[in-house]
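Trainee:
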Amino acid sequence: MFRVAIVGRPNVGKSTLFNRMCGARKAIVGDEPGITRDRIYASVNWAGRIFEVLDTGGMVPDVRDIIPEKILEQVGKAIRESNLLLLIVDGRAGVTPPDEQLLPIVRRSGKPIWVVVNKMDTPKIDDHAAAFYAFGAEELFAVSAEHGRGVGELLDAIAARAGAGADAAEPAPEQAREIAVAVVGRPNVGKSSLVNRLLGVERAIVSEIPGTTRDAVDTLLIRDGERYKIVDTAGIRRKGRTEARTEKISVVMARKNLERADVALLLLDAEEGVTKLDAAIGGYAEESGCSIIIVANKWDKIEKDQATVDKFTDSVRQRMKYLAYAPVVTVSALTGQRVSKIFDMIRQAWEGRQLRVPTGLLNNIFAPDLTEIWTTGNPGQNLDIRYITQARSSPPTFVVFTSGRERLHFSVERFLVNQLRQRFGFHATPIRIRQRTKPPRKRK
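The opening position of the sequence shown corresponds to residue 476 in the working numbering, with each subsequent residue numbered one higher.
Structure (structure tokens):
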């Protein structure tokens, strides 16, 4: 597929342009320089052509801090992957020394370069773009990414350049299933390291600095014929600990990615064990309805004996009783220990959330057995269930019709969920119970 990389120094509007081009808020935007760090991809369908756009972090040459260095590495990979480079500059600021420093770096790639002069909000200041003709680029465009001015013309030109190398926009054939996997957890537990290990490449920036990942970085992976969309999310902090606007947006986007995921890998630090924040994030994952696998990272740093795994699992179950259905796996993203096992667990979790139980089986066999088991264990207490049906899957949701007008006690709901798991499986997946009571009588 034809690829276009958006490059430039910090705070020139690269992510704003990226969002405008792909028609969605995929990258975090703000006034703070250096918000984007990893490579972010999006497909664009324009003028009968489909091409891919890459957003990158702001390039700062000759800086030895770890994050700017890592960003430069990520930008270099994006440039190598791309067919066309859009060098974004700030038209209101004019030609700056950092822009001039970046030009030879970008030229060394040998890729065609178009200069996009951003922040040209009105025609009155279009003359400011003329100074950038000195860069000698193939094309120059004056745009306002924030307001959309000139972006259509830019997309037209990209679609024309993509030409026969891009895929024509036609109804896509039915594709194999794609499992969306969100990697979530608090800051600095190794989410990006695990993502890179799962993918087999350094897709996300890794450092010991908490909060390195800000945007949700998603990557398609095909393994053993199965399609996975792996999403690396920002570390979720307590609300009171997220002071910067960027961090707050990162946390919101991380929680939204949970809602769109089929399976969540809830990452814990095996050295520290389960913290209150881990338990809170587990609650977010459970509320979202995705299947959950608890991944204890940094297991290579633990002193172990034969009972270590069982003791750790017991501590997880004690601190997160509401995730009793979630399997626990111990891994090391650093060494790769047991990481490959996660793929089998993801497939099992996905299949568990797709499971549907026929209504006839629920009412002819399961409901009578359920009533008998409940009555035996709770003499004198009736379980007044008239009818059960599975309303949906992903997550499995059951509607229980009762003859009385009282709500089911939570202990009855818990008993029902446990019996559904015991009888039908629903591996690693939350089960939802919805009740329909007998409507009140209408007064004559």
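Using N, Cα and C, we set each Cβ at its ideal position, and we do this for glycine too.
Name the two residues that bound the continuous alpha helix (DSSP H) containing D789.
Mentor: T783 to R794
Trainee: Between T912 and F885, what straight-line distance do the alpha-carbon atoms span, to the nearest angstrom?
Mentor: C-alpha of T912 to C-alpha of F885: approximately 15 Å in a straight line.
Trainee: Express the C-alpha separation of D631 and D642 in angstroms, rounding to a whole number.
Mentor: Model confidence at D642 stands at a pLDDT of 47, short of 50, so the residue's coordinates are unreliable and nothing is read from them.
Trainee: Taking the alpha-carbon of K704 as reference, which of F876, W825, T571 and E881 has the nearest alpha-carbon?
Mentor: W825
Trainee: From the DSSP output, read off the bridge partner residues of N922.
Mentor: Only positions 476 to 919 of the chain appear in this structure, which leaves residue 922 out of reach.
Trainee: With distances taken Cα to Cα, identify the nearest neighbour of Q812 among R672, M595 and E548.
Mentor: Taking Q812 as reference, the option from R672, M595 and E548 with the minimal CA-CA separation is R672.
Trainee: Could you check what DSSP says for R896 in three-state terms: helix, strand or coil?
Mentor: helix
Trainee: Given this structure, state the Cα-to-Cα distance separating K751 from E628, to the nearest angstrom.
Mentor: 51 Å
Trainee: Which value, in whole angstroms, describes the spacing of the CA atoms of P587 and G700?
Mentor: 35 Å
Trainee: Please name the residue, chosen from H902, I908 and R867, that lies closest to L883 on a Cα-to-Cα basis.
Mentor: I908
Trainee: Taking the alpha helix (DSSP H) that F616 falls in, what are its first and last residues?
Mentor: Run containing F616: none in the alpha helix (DSSP H); it sits in the beta strand (DSSP E), E614 to A617.
Trainee: Take A634 and list the residues in its own chain whose beta-carbon comes closer than 8 Å to its own, dropping the five residues that flank it on each side.
Mentor: If we look at A634 and ignore the five residues flanking it on each side, its Cβ neighbours are W521, A522, G523, R524, F526 and A641.
Trainee: Across which residues does DSSP place E527 in a beta bridge pair?
Mentor: R478 and S518
Trainee: What runs of the alpha helix (DSSP H), each 4 residues or longer, lie entirely inside the stretch 795 to 869?
Mentor: 816 to 829 and 842 to 852
Trainee: Drop a sphere of 10 angstroms on the beta-carbon of K773, count the other beta-carbons inside from all chains shown, and report buried for 16 or more, exposed for fewer.
Mentor: buried
Trainee: What's the call for Q781, buried or exposed, on a 16-neighbour Cβ count within 10 Å?
Mentor: When all chains shown are included, Q781 counts as exposed.
Trainee: Within the continuous alpha helix (DSSP H) that includes T872, where are the two ends?
Mentor: Not the alpha helix (DSSP H): T872 falls in the beta strand (DSSP E), residues T872 to T877.
Trainee: Within 10 angstroms of its Cβ, does K816 collect 16 or more other Cβ (buried), or is it exposed?
Mentor: exposed
Trainee: May I ask which residues mark the beginning and end of the alpha helix (DSSP H) holding R582?
Mentor: P572 to R582
Trainee: To which residues of the same chain is L578 closer than 7 Å at the C-beta, ignoring the five residues directly before and after it?
Mentor: F610
Trainee: Cα separation between Q865 and S584?
Mentor: Put simply, the backbone Cα of Q865 is about 56 Å away from that of S584.
Trainee: Sorted by chain position, which residues of the same chain lie with C-beta nearer than 8 Å to Y759's C-beta, five sequence neighbours on each side aside?
Mentor: V659, I711, R730 and L733
Trainee: In the DSSP assignment, find the beta strand (DSSP E) that holds A978 and state where it starts and stops.
Mentor: No statement about residue 978 is possible, as the shown extent of the chain runs from 476 to 919 and does not include it.
Trainee: Distance, Cα to Cα, A842 vs A736?
Mentor: 31 Å
Trainee: Identify the residues that DSSP records as bridge partners of E701: which are they?
Mentor: R698
Trainee: Kindly list the residues whose CB is nearer than 8 Å to the CB of A606, restricted to its own chain and excluding five residues on each side of it in sequence; keep chain order.
Mentor: G569 and V570
Trainee: Within a Cβ cutoff of 6 Å, which residues of the same chain sit near D602, ignoring the five residues on either side of it in sequence?
Mentor: none
Trainee: Could you spell out the range, first to last residue, of the beta strand (DSSP E) harbouring N593?
Mentor: I588 to N593
Trainee: For the candidate residues L740, Y862, P870 and R889, whose alpha-carbon lies nearest to that of F876?
Mentor: Y862
Trainee: Please return the same chain residues whose Cβ sits closer than 8 Å to the Cβ of R478, not counting the five positions on each side in sequence.
Mentor: F526, E527, V528, L529, E556, S557, N558 and L559
Trainee: R880 lies in the beta strand (DSSP E); which residues open and close that run?
Mentor: No beta strand (DSSP E) holds R880; DSSP gives it neither H nor E.
Trainee: Which value, in whole angstroms, describes the spacing of the CA atoms of P762 and R624?
Mentor: Per the sequence presented here, residue 762 reads as Glu, with Pro not at that position. If I take the Cα positions, the gap works out to 40 Å.
Trainee: Which of the three DSSP states is assigned to V626 in this structure?
Mentor: helix
Trainee: Using beta-carbon positions only, say whether Q894 and I840 come within less than 8 Å of one another.
Mentor: no
Trainee: So the alpha helix (DSSP H) D565 belongs to, where does it begin and stop?
Mentor: Taken as a continuous stretch (DSSP letters only), D565 belongs to no alpha helix (DSSP H), being part of the beta strand (DSSP E) at L559 to D565.
Trainee: With burial defined as no fewer than 16 other Cβ atoms inside 10 Å of the residue's Cβ, what is the status of M534: buried or exposed?
Mentor: Buried, because 16 or more other Cβ atoms sit within 10 Å of the Cβ of M534.
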